[in-house]
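See below for the structure under consideration.
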Amino acid sequence: MLSILIPVFNYDVRQLVHELRRQAGSFSAEWEILCFDDGSEQSWKAKNRQLDALPGVRYRELPENLGRSRIRNLLADEARGAYLLFLDCDSEVPDGSYLQRYAAQLHPGTLLYGGRAYQPSPPEEAALCFHWLYGSRREAQPASVREVQPYQSFMTNNFLIPRAIFQQIRFDERLLQYGHEDTLFGLELKKTGVRILHLDNPLVHAGLEPVDVFLAKTRQGIQNLAFLYRSGSEADTRLLRFYRRLRRWVGLGLLRHALRFCRPAMARQLHSSHPSLLLFDLYKFSLLLDELKEE
């Protein structure tokens, strides 16, 4: 049995669920779709409640917000299937063969990761363009690129995992806010020797966010990354590699103050019509230096 698991927060998932049901209807195996709402505003709940009447769908509204890790663990605990397909709620299925491509590669010892895609053209709303630019350049990678570093390239937006493997690893519930759940989960996969098979089976990331929201979530992600570093995790991100390398050779105090002074100007540039991803990297590094200033 395949369990499709969708944690929902402030997003209309009706179209996503209807398309998944349509594709799952051609399966010979049993399937189910679980949609658990994690404390959305009432307007979103009112739309998504319609899903509870659909055969094969279980819709539930949680009494409190659990956060990204806890709700995924809860979904897995409530699922009945031997295989778990985790999807982000702000996803779009690009074509009618999405589930079939996963079904063709099922293996009890392998995690399948399909990837992430973005629309080919930038959005009309200017405030959403930076998120689109970052995602298109940094996240939307074909399987041939991702498989070079299979664990570092893993993201949690679109992956299928045997239930038995998931229950050995699970999401770390110490991470209470947004960011780097995928980093830690990928690290645990590597430690336990779980094979990741990267596929060209992406979901389109439709839930683009304004620059202010994107930068606020970036700060949360950096706080989580600093937590992983301080807790002795072997997390291996590009930002941490740069931090470790620089720390060996130079004192970071002066650089920290200089980048902090420049951070408002960097933020203004990222709000502009021609944002720089290199400047965004410096912006993130500045935040990391602040978080690790006592190290």
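Take any residue in the sequence shown, count from 1 to its spot, add 20: that is its number in the numbering used here. Backbone N, C-alpha and C fix where the C-beta goes; we use that ideal spot for every residue, glycine too.
Can you give the Cα-Cα distance for residue i and residue j, rounded to whole angstroms?
i: Q139; j: P222; result: 12 Å
i: L94; j: E84; result: 13 Å
i: E15; j: F262; result: As shown, the chain starts at 21 and ends at 315. That puts residue 15 outside it, with no answer to give.
i: I189; j: V113; result: 27 Å
i: R157; j: V165; result: 13 Å
i: L302; j: W64; result: 36 Å
i: G155; j: H225; result: 8 Å
i: G110; j: G116; result: Note that residue 110 is Asp in the sequence shown here, rather than Gly. Cα-Cα distance, rounded: 18 Å.
i: F150; j: E159; result: 13 Å
i: R280; j: E311; result: 12 Å
i: M21; j: V168; result: 31 Å
i: A66; j: G273; result: 51 Å
i: Q43; j: L248; result: 39 Å
i: E39; j: G76; result: 13 Å
i: G59; j: D32; result: 13 Å
i: Q240; j: T212; result: 27 Å
i: R92; j: K237; result: 19 Å
Below 7 Å, is the gap between the Cβ of residue i and the nearest heavy atom of the ligand SAM?
i: R100; result: What this structure holds is no ligand at all, so the ligand SAM is not there to describe.
So residue i is in the alpha helix (DSSP H); what residue range does that whole segment cover?
i: H277; result: G273 to L290
i: H294; result: H294 -> no alpha helix (DSSP H), and no H or E assigned at all.
i: E39; result: R34 to A44
In the DSSP assignment, find the beta strand (DSSP E) that holds residue i and state where it starts and stops.
i: Y79; result: V77 to E81
i: D202; result: From DSSP, D202 is part of no beta strand (DSSP E) but of the alpha helix (DSSP H) over E201 to T212.
i: E311; result: E311 -> not in any beta strand (DSSP E); alpha helix (DSSP H) instead, spanning L297 to E311.
i: R215; result: R215 to H218
i: D57; result: W51 to D57
Just checking my contact of residue i with residue j at CB under 8 Å: how many whole Å lie between their CB atoms?
i: P182; j: P128; result: 5 Å
i: L308; j: I242; result: 5 Å
i: E52; j: R78; result: 7 Å
i: A163; j: L204; result: That pair is no contact at about 22 Å.
i: E193; j: R90; result: 5 Å
i: A102; j: L54; result: That pair is no contact at about 15 Å.
i: Q70; j: R121; result: Not a contact, Cβ separation roughly 28 Å.
i: A147; j: P230; result: 4 Å
i: F18; j: I216; result: No answer is possible for residue 18: it lies beyond the span of the chain, which begins at 21 and ends at 315.
i: S316; j: R288; result: Examination of residue 316 is not possible in this model, given that the chain is present from 21 through 315 alone.
i: V28; j: D57; result: 5 Å
i: L105; j: S23; result: 7 Å
i: K304; j: L260; result: 11 Å between Cβ atoms; not a contact.
i: F96; j: L25; result: Residue identity check: residue 96 is Ala in the sequence provided, not Phe. With 8 Å as the limit, A96 and L25 qualify as a contact, their Cβ atoms being about 7 Å apart.
i: F179; j: Y133; result: 5 Å
i: R276; j: K313; result: 6 Å
i: L228; j: P143; result: 6 Å
i: V214; j: L131; result: 6 Å
i: L207; j: S253; result: 7 Å
Buried or exposed: where does residue i fall if 16 or more other Cβ atoms within 10 Å of its Cβ makes it buried?
i: F300; result: buried
i: D108; result: buried
i: Q62; result: exposed
i: G135; result: buried
i: H294; result: exposed
i: A285; result: exposed
i: A137; result: buried
Could one say the Cβ of residue i lies closer than 8 Å to chain D's Cβ atoms, at least one of them?
i: P83; result: Protein chains in the displayed structure number just one, and chain D is not present.
**Request:** May I have a chain-ordered list of the alpha helix (DSSP H) segments no shorter than 4 residues that lie completely inside the region 90 to 161?
**Result:** 118 to 123 and 149 to 154
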